[in-house]
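Notes for the one structure printed next.
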Amino acid sequence: MKRLTGIPASSGIVLGKAFLYLEDDFPELPRYGIRKDQVEGEWRRFLDANDEAVREVKALNDRAVREISKEQAAIFEAQLMMLEDPDFKDRIKERLHKSLNNIEWVVREISYELIQKLGASGDPYLRERAADISDVSRRIVNKLLSITKFSLADLSEDVILVVHDLLPSEVLSMNKERVKGLAMDMGGRTSHTAILARAFEIPAVLGLSSATKEINNGDTLVINGGTGEILINPDEKNVNQYEQAIHRYKKTVDGLLALGELPAETPDGHRVSLKANIEIPEEADQVQRFGAEGIGLYRSEFLFLASGYTAEEEEQFQAYSRVVKAMKGLPVTIRTVDVGGDKLLPEFQAADEKNPLLGWRAIRFCLSLPELFKTQLRAILRSSVYGKVGIMFPMISGVEELEQAKELLEEAKGECRRRGQAYAPDIQVGTMIEIPSAALTADILAERSDFFSIGTNDLIQYTLAVDRGNEKVNYLAQPAHPAVLRLLKNTIDAAHRRGIKAAMCGELAGDPAATALLLGLGLDEFSMTASSIPQVKRIIRGADQESCRILTEKALNCCSYSQVTALVDEWMAQSFSTNDLSETD
Ligand code: PEP
Ligand code: MG
Numbered sequence: 004m005k006r007l008t009g010i011p012a013s014s015g016i017v018l019g020k021a022f023l024y025l026e027d028d029f030p031e032l033p034r035y036g037i038r039k040d041q042v043e044g045e046w047r048r049f050l051d052a053n054d055e056a057v058r059e060v061k062a063l064n065d066r067a068v069r070e071i072s073k074e075q076a077a078i079f080e081a082q083l084m085m086l087e088d089p090d091f092k093d094r095i096k097e098r099l100h101k102s103l104n105n106i107e108w109v110v111r112e113i114s115y116e117l118i119q120k121l122g123a124s125g126d127p128y129l130r131e132r133a134a135d136i137s138d139v140s141r142r143i144v145n146k147l148l149s150i151t152k153f154s155l156a157d158l159s160e161d162v163i164l165v166v167h168d169l170l171p172s173e174v175l176s177m178n179k180e181r182v183k184g185l186a187m188d189m190g191g192r193t194s195h196t197a198i199l200a201r202a203f204e205i206p207a208v209l210g211l212s213s214a215t216k217e218i219n220n221g222d223t224l225v226i227n228g229g230t231g232e233i234l235i236n237p238d239e240k241n242v243n244q245y246e247q248a249i250h251r252y253k254k255t256v257d258g259l260l261a262l263g264e265l266p267a268e269t270p271d272g273h274r275v276s277l278k279a280n281i282e283i284p285e286e287a288d289q290v291q292r293f294g295a296e297g298i299g300l301y302r303s304e305f306l307f308l309a310s311g312y313t314a315e316e317e318e319q320f321q322a323y324s325r326v327v328k329a330m331k332g333l334p335v336t337i338r339t340v341d342v343g344g345d346k347l348l349p350e351f352q353a354a355d356e357k358n359p360l361l362g363w364r365a366i367r368f369c370l371s372l373p374e375l376f377k378t379q380l381r382a383i384l385r386s387s388v389y390g391k392v393g394i395m396f397p398m399i400s401g402v403e404e405l406e407q408a409k410e411l412l413e414e415a416k417g418e419c420r421r422r423g424q425a426y427a428p429d430i431q432v433g434t435m436i437e438i439p440s441a442a443l444t445a446d447i448l449a450e451r452s453d454f455f456s457i458g459t460n461d462l463i464q465y466t467l468a469v470d471r472g473n474e475k476v477n478y479l480a481q482p483a484h485p486a487v488l489r490l491l492k493n494t495i496d497a498a499h500r501r502g503i504k505a506a507m508c509g510e511l512a513g514d515p516a517a518t519a520l521l522l523g524l525g526l527d528e529f530s531m532t533a534s535s536i537p538q539v540k541r542i543i544r545g546a547d548q549e550s551c552r553i554l555t556e557k558a559l560n561c562c563s564y565s566q567v568t569a570l571v572d573e574w575m576a577q578s579f580s581t582n583d584l585s586e587t588d
């Protein structure tokens with residue numbers, strides 16, 4: 004028996020068979036050179052994919068004419084024109100001959116160039132054409148990939164997935180019923196793959212460095228996502244011990260679920276709000292089971308990353324409305340699309356940015372593609388008639404970006420009004436605080452925001468210069484670092500001085516070890532993976548806010564994260580018995 008230790012990324016204990024899934028088997032957007040005599044074959048593939056896309060759009064167009072609206076049909080007509088445009092095809096053919104790259108890559112490259120050019124144009128008509136090109140090329144590339152791509156969606160047996168790295172889009176598309184656990188060489192606790200594993204309640208250990216070398220296909224594995232431990236081919240005694248641990252874990256989880264109905268209130272009467280983060284609309288059906296009082300973060304970009312998705316307004320409207328309706332009047336905060344970094348939209352974004360995490364991400368991406376952005380804003384606005392919707396903008400670095408985003412929101416509202424599409428008049432507009440520049444100028448941003456939501460995953464990454472997905476430097480991603488605590492304090496205090504709410508939707512909000520500090524800092528709302536809510540609530544219901552405030556004051560005077568961590572550990576040990584806190588063995 005061998006034992007590996009990695010980063011505990013999604014709790015739960017599971018025993019099963021390893022399925023090794025190696026990167027080379029599934030390139031995300033393949034790029035490879037072709038010979039001259041292969042050009043004709045690649046061109047043929049393009050024409051077939053194009054024909055299929057034409058058939059698909061025609062069907063959508065017919066449906067739109069019959070069931071939706073003339074405007075929607077006009078969008079599909081524009082796309083059909085694009086698909087049948089000889090100039091578009093000629094460009095692709097010419098580049099294919101010149102570059103001798105595979106056709107998926109050529110389509111992406113040409114459309115990327117056109118989108119950049121049209122998106123930057125001052126002419127709204129041309130900017131809208133950029134959105135058409137994006138939709139059309141996405142369709143074609145999807146068709147091309149579905150012809151060649153091996154997919155985790157086809158898993159037909161229960162497995163523990165062992166991978167070097169896995170993109171968030173792959174987690175979305177895999178057959179989640181069959182993936183009982185995940186072991187990964189790369190990744191940290193706040194990487195999006197970890198976040199998705201928690202959302203789908205798949206026990207996961209990441210950052211293992213060499214799991215794909217140490218584990219063979221078919222090995223028996225035990226994964227403990229709460230401790231970060233993996234056993235390879237355990238003996239019978241160990242299997243028995245783990246089976247008992249699985250049983251105890253289930254009992255603890257059931258016990259915690261019983262807290263669902265109780266308010267998130269400290270014994271001295273301080274009430275906070277606990278909400279859920281979701282990544283896909285279906286999750287909204289489950290979150291109330293854990294006692295969520297709303298959705299504090301809907302990561303809308305996962306809709307854009309799902310395979311076959313076309314980013315059309317109607318499709319988005321359906322998805323957002325589904326979430327809002329499922330929450331039955333409880334508040335839903337939809338975060339506008341945050342692609343880039345580890346969430347690339349292949350037909351827009353090349354994988355060759357030198358520093359993707361500092362690059363064309365989130366609000367920067369949206370502001371440079373205003374039509375795409377406004378399409379999303381209209382879809383969100385329209386969904387607001389079904390409940391209580393808030394909008395928030397990711398990765399705001401300063402006032403200019405916030406003002407521009409708000410201006411586009413106003414334009415989107417005007418467009419809805421002109422089209423006769425209703426939206427709620429009282430939509431709250433929030434700023435995500437996840438860049439140090441935003442936290443340091445929180446007083447200025449607070450004057451222009453209805454609420455703040457602190458994204459600690461990025462805030463910690465950018466404050467401490469630690470790539471959140473890189474297991475080699477993961478040990479440095481310390482939320483208790485004095486620099487992080489000071490930025491959190493500055494942000495929360497600025498919000499309160501301005502009379503707005505300070506929420507947090509980064510992973511720290513769901514970490515029971517941080518709850519006391521966050522209560523002490525005065526955080527109003529904690530939004531997290533739904534299954535973490537009961538644990539956090541248990542701490543809140545057991546800790547006086549005044550005692551948390553004193554703890555936090557002391558923590559703010561510490562000079563290192565080790566000191567803060569020791570202080571908090573000691574306080575936790577005094578305030579809660581070990582039995583109260585143990586979640587997994
Ligand atoms: C964050 O950065 O903390 C956050 C909530 O956003 P994301 O994890 O999606 O980057
Ligand atoms: Mg973020």
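In my numbering, the protein residues as written are 4 to 588.
For glycine and all other residues, C-beta sits at the position ideal for the given N, C-alpha and C.
The nearest non-hydrogen atom of the ligand PEP is 7 Å or more from the C-beta of Cys562. Sorting Asp168, Phe293, Leu175 and Val144 by C-alpha distance to the C-alpha of Asp157 places Leu175 at the top.
In the three-state reduction of the DSSP assignment, Lys216 falls in the helix class, which pools H, G and I. Using a C-beta cut-off of 8 Å, the stretch 341-357 makes no contact with the stretch 282-298, since fewer than three inter-stretch Cβ pairs fall below that distance.
The continuous alpha helix (DSSP H) containing Arg421 extends over residues Val402 to Arg422.
Thr555 has its alpha-carbon roughly 16 Å from the corresponding atom of Ala576. Of the heavy atoms belonging to the ligand MG, none sits nearer than 7 Å to the Cβ of Pro373. Counting the other Cβ atoms within 10 Å of the Cβ of Glu374 gives 16 or more, which makes it buried.
Sixteen is the threshold: since fewer than 16 other Cβ atoms of the shown chains lie within 10 Å of the Cβ of Ile553, the residue is exposed. Within the same chain, and ignoring the five residues on either side of Ile438 in sequence, the residues whose Cβ sits closer than 8 Å to its Cβ are Met398, Ile399, Ser400, Asp461, Leu462 and Tyr465. In this structure, the ligand PEP has a non-hydrogen atom nearer than 7 Å to the beta-carbon of Asn460. The Cβ-Cβ distance between Ile503 and Asp453 falls below 8 Å.
For the set Glu528, Ile10 and Ser124, the Cα lying nearest the Cα of Val476 is the one of Ile10.
The alpha-carbon separation between Glu528 and Phe396 amounts to approximately 17 Å. Taking every protein chain shown into account, the CB of Leu361 has fewer than 16 other CB atoms within 10 angstroms, so this residue is exposed. For Arg302, the CB falls within less than 7 Å of some heavy atom of the ligand PEP.
In this structure, Glu246 has its beta carbon at no less than 7 Å from each heavy atom of the ligand MG. As a beta-bridge residue in DSSP terms, Lys20 pairs with Thr223. At a threshold of 7 Å, Gly343 does not count as near the ligand PEP, since its beta carbon sits no closer than that to any of the ligand's heavy atoms. The three-state reading of DSSP puts Tyr252 in helix, counting H, G and I together. Within its own chain, the residues whose Cβ lies closer than 7 Å to the Cβ of Glu204, once the five positions on either side in sequence are excluded, are Gly15 and Ser534, listed in chain order. DSSP places Lys475 outside both helix and strand once states are collapsed to three, so it counts as coil.
With a cut-off of 8 Å on Cβ pairs, the stretch 375-391 is in contact with the stretch 423-431, counting three or more such pairs. Around the Cβ of Cys419, a 10 Å sphere holds 16 or more other Cβ atoms; the residue is buried.
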